Amino acid sequence: MTKLKSSGNANKNLSGINTKSAALKHPAEIYRNLIEATADSIYMVDSSCRYIYANPCYCSRLNLPLQEIIGQHYSDFHNPEETAKFEKDVLEVLQNGEPFQREYKSKRDSNEFLRTFYPIRQNPSNNISAVGVIAKDITDLRHAQELYTTLAENSPIGFLMIQDGIIKWTNKKLRDSMGYSSDELTDKPYSSFIHPEDRQLVKDNSVAMLQGTISLPYEYRIITKSGEHLWHVGTVSSINYRGQRAVLGSQMDITSQKQAETNLRQSEERYRTIIDTITDAYYEVDLAGNTTVFNEAYLKLYEYTAKEMQGKNYKTYVDKEKAQMAYWVFNQVFKTGKPTKKNGMGNNHQKRQKEKRGAFREPDY
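Residue 27 is where the sequence shown starts when you use this note's numbering, and the numbers rise one by one after that.
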């Protein structure tokens, strides 16, 4: 029984070995299947550029069966210009014995290909007996690249790619905004173009955005070629570039908006100063009649604090008759956009505003 068991195991092992040996006996068949199943065009020519092999994909491109391709010259299917370039590439392989790649645009179908030329060596002499060509269709890739390039170069937003703190690429908008050429920005530290006072802020916000802890754009100042300081608002995202992690940054020039904000703030400060220094009571209300702006004279008039007056509706400290007149005055101003003056609200109306104490005063509207 032990012998039979051992014999069975031996037969099983021999069967496995025979199966593996059978597979190893036909590596050429495996390679041929791979070559004939690929979507890349693969063909071989001799030193005179006559076809000695073509896979189904290449035959399909020429729309010819294999037997009508073998033995034919490259020029039989291509124009003189294409033939001259091809012959030059084949000669380069024959002379140098090294593979290389070349992009090629077919006149037949306008598709673009990345062709790899490589030597076919004859054993055991190791002499080059033929040249093999693998042509990968990169038409869709090129169209996508052209689209992305067009979008990036015509975008109203500045884009740049940074790897290990070094600028690797910029688009036209960013270059124009900063006043530098591509060569002046590429391979330079990005931080050198940021205002010294904002460098840590940019670093902290970039890291936080990449980690997902913040999502809103952040503001900072950049230094142009002319030495001018411009305000930019930016974002960053993580990408891969040539197999390594990189950062894609986007930024917009908001200098004019920041200047407008500064001008508005200064104007409001001057406006506030004027309002607070005049002796007349001054106030503003929104469309609902809530008090939004007022000066010290107005607060003294009704003996309210600023906190109490802010957002307070005029109806709460005006009697009913005066509230109706105030509504009419406010409505006229909102409708016409023109100032309206009512001193005492007219002779036929004793319009009196009620103070906090319950007394009455008679201001102008």
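C-beta atoms are modelled at their ideal positions from N, C-alpha and C, and glycine is treated no differently. Since we're looking at a predicted model, the values are computed, not measured.
Checklist line | Member of M204, S132 and S263 whose CA lies at the smallest distance from the CA of V233 | finding: S263
Next item on the list: Per DSSP, which residues does A54 bridge with? Please list them.
Entry: Paired residue(s): none; A54 is not in a bridge.
Notebook entry, point to check: I think R141 touches Q127, with their Cβ atoms under 8 Å apart; what is that distance to the nearest whole Å?
Noted result: R141 to Q127, Cβ: 7 Å. Contact.
Check: Do the stretch 244-262 and the stretch 204-215 meet, that is, are 3 or more Cβ pairs less than 8 Å apart?
Finding: yes
Check: Does the beta-carbon of A392 have 16 or more other beta-carbons within 10 angstroms, so that it is buried, or is it exposed?
Finding: The structure shown does not extend to residue 392, since the chain is modelled only from 27 through 391, so no value can be given for it.
Margin query: For the pair the stretch 173-182 and the stretch 74-94, tell me if three or more CB-CB distances fall below 8 Å.
Written below: no
Margin query: In whole angstroms, give me the CA-to-CA distance for I220 and R268.
Written below: 26 Å
Item checked: Own chain, CB closer than 7 Å to I43, minus 5 neighbours either side, in chain order -> Its pLDDT being 47, under 50, I43 is placed unreliably by the model, and nothing is read from it.
Notebook entry, point to check: Between the beta-carbon of A307 and the beta-carbon of Y330, is there less than 7 Å?
Noted result: no
Notebook entry, point to check: Using the C-alpha atoms, what's the distance from S208 back to Y69?
Noted result: Each residue's alpha carbon lies about 41 Å from the other.
Margin query: So the candidates are V344, K199, F320 and D312; which of them puts its Cα closest to the Cα of F360?
Written below: D312
Next item on the list: Please specify which runs of the alpha helix (DSSP H), each continuous and at least 4 residues long, are wholly inside the stretch 296-362, giving them in chain order.
Entry: Fully enclosed alpha helix (DSSP H) runs of no fewer than 4 residues occupy 322-328, 332-335 and 346-362 of the stretch 296-362, in order along the chain.
Item checked: CB contact flag (Y246, D224, <7 Å) -> yes
Note to self: Assuming K162 and F139 are in contact, meaning their beta carbons sit under 8 Å apart, how far apart are those beta carbons, in whole angstroms?
What the structure shows: 6 Å
Next item on the list: Kindly give me the distance between the Cβ atoms of K346 and T317, rounded to whole angstroms, as I take these residues to be in contact under 8 Å.
Entry: Not really, about 18 Å apart at Cβ, beyond 8 Å.
Notebook entry, point to check: If you count every other CB in all the chains shown that lies within 10 Å of the CB of A156, and 16 or more means buried, which is it?
Noted result: buried
Next item on the list: Determine the DSSP secondary structure at F219, reduced to helix, strand or coil.
Entry: helix
Note to self: For L290 and T281, I'd like the C-alpha separation in whole angstroms.
What the structure shows: 14 Å
Check: Which whole-angstrom value is the C-beta distance of G315 and K348, which I expect to be below 8 Å?
Finding: Incorrect: roughly 12 Å between the Cβ atoms, too far for contact.
Next item on the list: Closer than 8 Å by C-beta to P125: which residues in its own chain qualify, once you throw out the five before and the five after it? Chain order, please.
Entry: V119, T142, F143, Y144 and P145
Check: Within this structure, are the beta carbons of L186 and I192 separated by less than 7 Å?
Finding: no
Notebook entry, point to check: For C75 versus Y100, is the C-beta spacing smaller than 7 Å?
Noted result: yes
Checklist line | Beta-carbon contacts of V71 that lie in its chain and below 8 Å, excluding the five residues immediately before and after | finding: Excluding positions up to five away in sequence, the list reads Y77, I78, Y100, V116, A156, V157 and V159.
Checklist line | Three-state secondary structure assigned by DSSP to I192 | finding: Three-state DSSP puts I192 in a strand.
Margin query: Which residue wins for smallest C-alpha separation from Q148, given the options E310, E179, G123 and E294?
Written below: G123
Margin query: I'd like the span of the beta strand (DSSP E) that includes P145, first residue to last.
Written below: E138 to Q148
Note to self: I'd like to know whether the C-beta atoms of E210 and N197 end up nearer to each other than 7 Å.
What the structure shows: no
Checklist line | Beta-carbon contacts of L92 that lie in its chain and below 7 Å, excluding the five residues immediately before and after | finding: A80 and C85
Note to self: If you measure between the beta carbons of M335 and F320, is that distance less than 7 Å?
What the structure shows: yes
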